[in-house]
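Here is the structure we will look at, set down as structure tokens.
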Amino acid sequence: MIRKAALLAVLSAALLAPMVAATPGVAATETRRQTFGVSITSITPDVPKNLTDVIKFTGTIRNDTGVAQSGLRVRLRYTQQRFTDRAAMAAYQSDQNPATLPNIPSDSSAMDIPPMAPGAQARWEFTATPVQMGMRTFGVYPIAVDVSQYRVSLAAQRTYLTYAPTTVPEVPRNQLAIALPVIDQPHRATDDALFVDDKLSQSITGKGRLADLARIAQVAPKTVTWFVDPALLDDLNTMTKGYKVKAKDGDESKPGNAEAGTWLTTMRTSLAASPVVAVPYADPDVAALAHQGLDTQTGRAIELGGQTARALLNRAAQTTVNWPPAGVLDADALDLLSVSKDRVNKVLLNATNLPPQPPVTFTPDAATTLDSVSGPVTALVADAELSRLFEPTTATSVLLSMQRFIAETAMIAAEPGQTSPRSLVVAPSRRWDPNPTLVAALMKAAGRLPWLQLTTLDSIKPGKAAVPRAGLTYTEQDRKEELTRKYLTPVKDVGSKAQLTSLITVQKTPSSFDAAVLRLTSSAWRNSTRVGRSVTKLVNSAVAARTDEIQITGAGPDRPRTLAGSNGVVPISVKNSLSTDIDLYIDVKSNNPDLLQVNFKQDGPLRIGGGQSGTVQVPMNAPTSGSADATVTVQLKTSDGQAYGEPQRLTIRTTGYTGIALVIVGAALTVMLAAVVTRVLRRRSERRLARAAKNRESETV
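Under this note's numbering, the first residue of the sequence shown is numbered 736, with each subsequent residue one higher.
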């Protein structure tokens, strides 16, 4: 016989006030259109192991109808029938029909509630043993508590109770790997200290999302695998040194953020002994990049992600494991990952992306193998329901999530046909807003349940328990979720221009805009393309400013250059305002070949030191006579022939002579020459005559 406990809380004075009289029929009809709140606050023990274990159920009911209510009863409802599979559990949870609630064995599992004023709350308690509730074998049983009025159920709370007797044969101990994301959205445009918003300062303090993640990291088992976006670490590290936030009326200066440094230190310490995967820098939308022709960005994001994580976490992080946005990818994206420099050999996927084929009635093993252009890739499929339980919802308490988690994992262990342990993976959505209490409780439960064994994600490999799967299933809806061609086309253009700022330097080091461009490809912009486009414009302006630091001097239609004669050279100078040396080529083409021809081929690159200018002499020819203005287009190019910056148009003023003018000039030169010769001969004759006269005078003396 189930023992009914006494009412635990004394209702308020308002609760005991005279109630509004109403006939039973009218009251029942009225309350059906209104609401009551029913909650289960504790079930201890949460997993009874013996037939005589005393299970205590406690909770509350709340009158949310807005009027006083009487004739209320709280009932503990259960059944002796176990759930047959996880599908039946899900159907039970989603069912809102009071007629399908578990049956009540007797009135001894019910208790009357005194009249309740509007908004009043009362506590209830029931105790029972497994034998009293008809539980005999290992399994998951439905439990519910409802509030009724005149035998009409008004509201109910459903949950589960797992009975695990020690006398039954031991169930398989399935491996469970938990993957937790530390991923945000980019908050900077370029690599300077200018932020597009100040959301990070709010997220790392108090009850902020990132602050909660740090709390979880401090208590998480060392088997948990953390997926960390190095771009987030990069942004926070920049904040520690002082930064600016973009605003409508100008940039707002902020001092160094001490909380950002504390958060980084906490994560660095908490994750020191845990597996860490470096997400590709800024968490790029890999599938969209593969489909829109930005193939090189993925490999660079993986490389930069590993470098940044190593620098800011003071340890190496894995880069060969990839968790694509939404946990879905297609063969193109998989191939792109597999051919990267740090070859990805393991992917973490959503269950919809790799379903069993044919469908199965049990929970398949998480691990399987996919084929890529670079060879086999291990795919780990996250369990959708277990992953969802790690994310808080407004309608579900920590207790109910805990009971569901225990029940789900127990049901998996009890599924028929299982001869060896299977692997399971938990992976909540990448930009989740976690409840530290809930996550800590679930991880703690996973560590103590006898049918689970916590393990690292890296330790899960395909085994004998693997089932055939349909291959990567990428739907039209998945394609629509990607960053669009319209969004990525300007990003691709900015990326190409940014790459040139590196190619023109002597060192050919990676572009200083690599991180900025990768932020533009972040999957965070899937649901915020407007912000992504505004950041793209900022990066484009910064790249243009950098490009303009190498300029052709004296360019413009109002500053013509002069070609003296029909043949000659015109100097073209380039100013390098960068601090580094550059190598460039200068391509010159005539826009008026009838007036001006250019005969210039640069033998080698023109090297210009940082802060200096360089000049090339460009041979030109004016095939026609007379003075005229012609234009040439000058394009700077990198060593591999790519155009650098916008082409510049120069005006060339020619001063060539006609044929008659040449004859006249030649005749004049002849006359001038004859006069000069005559003058020279005359002077010589005069000198001879003078010497002869002088000699005669000497002889006479």
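Think of the CB as a built atom: it goes at the ideal place given N, C-alpha and C, for glycine as much as any other residue.
(message) Assess contact between the region 1006-1013 and the region 1195-1202, defined as three or more Cβ pairs (one per stretch) separated by less than 8 Å. Is contact present?
(response) Three or more Cβ pairs closer than 8 Å define a contact, and the region 1006-1013 falls short of that threshold against the region 1195-1202.
(request) Can you grab the Cα-Cα spacing for the pair G996 / I939, in whole Å? (result) CA-to-CA, the gap between G996 and I939 works out to about 10 Å.
(request) Kindly provide the ranges of any alpha helix (DSSP H) runs that are 4 or more residues long and lie completely inside the region 950-1028, ordered along the chain. (result) Unbroken alpha helix (DSSP H) runs of no fewer than 4 residues, entirely contained in the region 950-1028, are found at 965-974, 993-1005, 1021-1026, following chain order.
(message) Given a cut-off of 8 Å on the beta-carbon distance, is the pair F873 and V917 in contact?
(response) Against a cut-off of 8 Å, the Cβ pair of V917 and F873 comes out as no contact.
(message) Judging by CA-CA distance, which residue of S1301, P1295, F1248, P1306 is the nearest neighbour of L1280?
(response) Before going on, a small fix: residue 1280 reads as Ala here, not Leu. Closest by alpha carbon: F1248.
(request) Between the Cα of A914 and those of A1176, S1258, L1207, P1163, spot the shortest distance and give me the residue it belongs to. (result) Residue P1163 holds the alpha-carbon nearest to the alpha-carbon of A914 among A1176, S1258, L1207, P1163.
(message) Just to confirm the assignment, what range does the alpha helix (DSSP H) spanning V1133 have?
(response) In this chain, the alpha helix (DSSP H) harbouring V1133 covers 1133-1149.
(message) Taking the beta carbon of R812 as the centre, do at least 16 other beta carbons fall within 10 Å, making it buried, or is it exposed?
(response) The residue is buried, with at least 16 neighbouring Cβ atoms inside 10 Å.
(message) Please state whether the Cβ-Cβ distance between D1020 and S1258 is less than 8 Å.
(response) Yes, Cβ-Cβ distance for D1020 and S1258 is below 8 Å.
(request) Return the chain-ordered list of same chain residues with a C-beta closer than 6 Å to the C-beta of L1064, the five sequence neighbours on each side being excluded. (result) Excluding residues up to 5 positions away in sequence, A1022 lie with their Cβ nearer than 6 Å to the Cβ of L1064 in the same chain.
(request) Report the partner residues of A1363 according to the DSSP bridge assignment. (result) DSSP output for A1363 lists T1389 as bridge partner(s).
(message) For D919 and D964, which I take to be in contact (beta-carbon distance under 8 Å), what is that distance rounded to the nearest angstrom?
(response) The beta-carbon separation of D919 and D964, rounded to 7 Å, stays under the 8 Å limit for a contact.
(request) Taking P791 as part of the alpha helix (DSSP H), name the residues at either end of that continuous run. (result) Sequence check: residue 791 is Lys here, not Pro. K791 -> not in any alpha helix (DSSP H); beta strand (DSSP E) instead, spanning 790-798.
(message) In chain order, what are the residue ranges of uninterrupted beta strand (DSSP E) at least 3 long that sit wholly in the region 1255-1312?
(response) If you keep only unbroken beta strand (DSSP E) runs of at least 3 residues inside the region 1255-1312, you get 1285-1287, 1291-1298, 1302-1311.
(message) Output needed for I1387: all residues of its chain with C-beta closer than 8 Å, excluding positions within five of it in sequence on either side, in chain order.
(response) Taking I1387 as the centre and dropping the five residues before and after it, the same chain places the C-beta of P1295, R1296, T1297, L1298, V1305, L1331, M1355, D1364, A1365, T1366, V1367 closer than 8 Å to its C-beta, in chain order.
(request) Decide if G691 is buried, meaning its Cβ has at least 16 other Cβ atoms within 10 Å, or exposed. (result) An answer regarding residue 691 cannot be provided, because it is not within the stretch 736 to 1436 covered by the chain.
(request) Along the beta strand (DSSP E) that carries D1322, what are the first and last residues, could you check? (result) First-last of the beta strand (DSSP E) with D1322: 1317-1325.
(message) I'd like to check one pair, F771 with I796: are the Cβ atoms closer than 8 Å?
(response) With contacts defined by Cβ atoms closer than 8 Å, I796 and F771 form a contacting pair.
(message) So, for L751: in the same chain, excluding its five sequence neighbours on each side, which residues have a beta-carbon less than 8 Å away from its beta-carbon?
(response) In this prediction, L751 scores a pLDDT of 30, lower than 50, which makes its location untrustworthy; the coordinate-derived value is nonetheless stated afterwards. For L751, the CB contacts under 8 Å within the same chain, skipping 5 residues up- and downstream, are P849, P850 in chain order.
(message) Between A825, A1119, T1389, V1266, which has its C-alpha nearest N1302's C-alpha?
(response) In terms of Cα proximity to N1302, the closest of A825, A1119, T1389, V1266 is T1389.
(message) Within 8 Å, do at least three Cβ pairs link the region 1371-1380 to the region 1315-1327?
(response) Here the region 1315-1327 lies against the region 1371-1380, with 3 or more beta-carbon pairs under 8 Å apart.
(message) Less than 8 Å between the beta carbons of A891 and P833, yes or no?
(response) The Cβ atoms of A891 and P833 lie closer than 8 Å to each other.
(request) In the DSSP assignment, find the unbroken beta strand (DSSP E) run with D683 in it and report its ends. (result) In the structure as shown, the chain starts at 736 and stops at 1436, and residue 683 therefore has no counterpart that could be examined.
(message) With the cut-off set at 8 Å, would you say W859 and V789 are in Cβ contact?
(response) It is not a contact, given that the beta carbons lie outside the stated cut-off.
(request) Compare the C-alpha of Q804 against each of A852, Q1377, S988 and name the closest. (result) Residue A852 holds the alpha-carbon nearest to the alpha-carbon of Q804 among A852, Q1377, S988.
(message) Quick check on DSSP: helix, strand or coil for Q1234?
(response) If DSSP states are grouped into helix, strand and coil, Q1234 belongs with the helices.
(message) Let me check understanding here. Comparing Cα to Cα, which of P1328, L1207, L1192, I1141 lies closest to K1179?
(response) Residue I1141 is the option with its Cα nearest to K1179.
(request) Report yes or no: do the region 1101-1117 and the region 1076-1085 share at least 3 C-beta pairs separated by less than 8 Å? (result) The region 1101-1117 vs the region 1076-1085: in contact.
(request) Note the first and the last residue of the continuous beta strand (DSSP E) segment covering M846. (result) M846 -> beta strand (DSSP E) spans 845-848.
(message) Pop quiz: T1131 and L1184 are said to be a contact at Cβ under 8 Å. What is the actual Cβ separation, rounded to whole angstroms?
(response) A Cβ-Cβ distance of about 20 Å is found for the pair T1131 and L1184, leaving them out of contact under the 8 Å criterion.
(request) My understanding is that G1040 touches V1014, with C-beta atoms under 8 Å, so please give their C-beta distance in whole angstroms. (result) In this structure G1040 touches V1014 by the C-beta definition: roughly 6 Å separates them, less than 8 Å.
(request) Select from T901, D970, R950 the residue whose C-alpha is nearest the C-alpha of R923. (result) When only C-alpha atoms are compared, the closest one is D970.
(message) Please determine whether the Cβ atom of D1018 lies at a distance below 7 Å from any heavy atom of the ligand ZN.
(response) Summarising the ligand content, the structure contains no ligands, and the ligand ZN is consequently not present.
(request) Using the DSSP secondary-structure output, state which residues sit across from Y827 in a beta bridge. (result) The secondary-structure analysis by DSSP pairs Y827 with nothing; it has no beta-bridge partner.
(request) Note the first and the last residue of the continuous beta strand (DSSP E) segment covering E860. (result) Unbroken beta strand (DSSP E) run through E860: 856-863.
(message) Per the DSSP calculation, K1372 is bridged to which residue(s)?
(response) According to DSSP, which records beta bridges pairwise, K1372 is partnered with Y1320, A1378.
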